[in-house]
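Here is the structure we will look at, set down as structure tokens.
Residue numbers (the numbering used here): 60 to 379.
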């Protein structure tokens with residue numbers, strides 16, 4: 060029987076994490092279960108930085124970005140000795156189960172703890188939308204909104220100065236944020252891990268847009284970790300009709316008040332996580348697939364291929 064549930068956020072912060080913490084806390088309390096917040100992710104398990112959460116503890120956090128519990132990376136958590144130490148701390152504090160909100164690394168930690176007798180449920184919290192087992196992650200919609208708002212502003216100045224704006228967005232090794240931004244903003248090109256990167260092809264495409272199509276500006280959306288966008292912008296200036304300008308949106312994409320969609324997603328997922336733990340289920344992660352809330356074993360989710368976005372890349376190509 061579950062008497063006390065812990066909740067933590069791990070890895071990069073994402074808008075909507077607070078909404079998920081709030082949902083876990085209030086749903087659990089309504090089931091007569093105590094709730095403990097773990098400060099700073101898995102590091103909090105190691106350092107026993109636990110705080111009791113009541114209904115009032117999670118008031119007025121629904122619309123706040125980031126995570127009020129804090130987050131930190133702990134590479135050493137991969138070691139079994141550290142996992143055993145954390146399990147000891149959980150048991151000493153009477154914590155029977157844990158909700159872990161984060162990315163795939165956080166999922167692996169949750170799976171390890173479940174194997175050691177602490178039932179854990181993973182919730183997908185990352186702006187990158189790169190977690191298998193779900194179509195959408197908590198924070199993606201808000202990050203997309205931020206990207207679109209900033210690219211829309213860049214378009215105004217690009218069209219005034221005959222520029223090609225090369226905008227680097229986050230995504231880790233997933234191109235969803237770039238692709239969705241490109242479609243939403245009417246970009247001329249999108250470059251992601253899925254499209255591959257051919258610099259000569261990019262320059263030739265921009266030459267065609269400037270010389271043949273006579274466009275007075277261009278927007279190129281590119282995923283991070285693909286190329287040096289400042290260097291690419293200089294080559295655009297030297298080899299095309301456009302004046303190249305690079306913009307790296309950076310960590311601004313992580314912040315901001317979560318959209319209603321992210322608040323709803325996080326709340327529904329938080330409820331599902333508590334329901335699973337109350338049923339004695341652990342080692343699973345919550346996702347949304349084809350608009351339906353689902354749960355599957357974490358191991359299965361980690362081994363699952365990411366859903367194909369071919370139809371959206373085809374849409375982008377037809378819209379250009």
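Built from N, CA and C at the ideal position, the CB exists for glycine as well.
First through last residue of the alpha helix (DSSP H) which encompasses residue i
i, result
"residue 147", "139 to 151"
"residue 61", "Segment: none, residue 61 is in no alpha helix (DSSP H) and carries neither H nor E."
"residue 240", "235 to 244"
"residue 83", "76 to 89"
"residue 368", "Run containing residue 368: none; DSSP gives neither H nor E here."
"residue 332", "319 to 337"
Cβ neighbours of residue i in the same chain (closer than 7 Å, five flanking residues each side left out)
i, result
"residue 63", "92, 93, 95, 153, 154, 155"
"residue 204", "318"
"residue 129", "98, 99"
"residue 117", "80, 81, 84, 85"
"residue 322", "75, 78, 121"
"residue 144", "105"
"residue 356", "342, 343"
"residue 307", "227, 288"
"residue 269", "299, 300, 301"
Supposed contact pair residue j and residue i - C-beta distance, whole angstroms, cut 8 Å
i, j, result
"residue 78", "residue 317", "6 Å"
"residue 224", "residue 252", "With 8 Å as the limit, residue 224 and residue 252 do not qualify as a contact, their Cβ atoms being about 21 Å apart."
"residue 146", "residue 181", "Actually they are not in contact, since the Cβ atoms of residue 146 and residue 181 sit about 17 Å apart, beyond 8 Å."
"residue 206", "residue 312", "6 Å"
"residue 278", "residue 210", "6 Å"
"residue 185", "residue 179", "At roughly 17 Å, the Cβ-Cβ gap does not stay under 8 Å, so residue 185 and residue 179 are not in contact."
"residue 68", "residue 126", "4 Å"
Limits of the unbroken beta strand (DSSP E) element including residue i
i, result
"residue 109", "109 to 112"
"residue 262", "Here residue 262 belongs to no beta strand (DSSP E); instead the alpha helix (DSSP H) covers 258 to 270."
"residue 346", "343 to 348"
Beta-bridge partners of residue i, as assigned by DSSP
i, result
"residue 183", "161"
"residue 302", "222"
"residue 96", "66, 110"
"residue 354", "345"
"residue 249", "280"
"residue 156", "64, 178"
"residue 197", "184"
8 Å CB neighbourhood of residue i in its chain, flanking five on each side removed
i, result
"residue 135", "141"
"residue 114", "84, 85, 88"
"residue 218", "275, 276"
"residue 175", "142, 143, 146"
beta-carbon residue i near the ligand ADP non-hydrogen atom, thresh 6 Å
i, result
"residue 330", "For the ligand ADP, the structure offers nothing, since it holds no ligand at all."
Beta-carbon proximity list for residue i, same chain, < 6 Å, skipping 5 on both sides
i, result
"residue 280", "226, 237, 240, 241, 246, 249"
"residue 133", "101, 102"
"residue 314", "124"
"residue 65", "95, 97, 154, 157"
"residue 347", "193, 194, 195"
"residue 149", "177"
"residue 235", "188"
"residue 305", "225, 288, 289, 292"
"residue 383", "Not covered by the structure: residue 383. The range shown for the chain is 60 to 379."
Minimum Cβ-Cβ distance from residue i to chain D less than 7 Å
i, result
"residue 311", "Note that chain D does not occur in the displayed structure, where there is just one protein chain."
Report yes or no: do three or more beta-carbon pairs, one from the segment 340 to 358 and one from the segment 98 to 111, lie closer than 8 Å? no
Say whether the segment 65 to 82 touches the segment 323 to 340, bearing in mind that this needs 3 or more beta-carbon pairs closer than 8 Å, one atom from each stretch. yes
Are there three or more Cβ pairs, one per stretch, closer than 8 Å when the segment 66 to 75 is compared with the segment 186 to 197? yes
Three or more C-beta pairs closer than 8 Å, one from the segment 288 to 308 and one from the segment 260 to 276: is that the case here? yes
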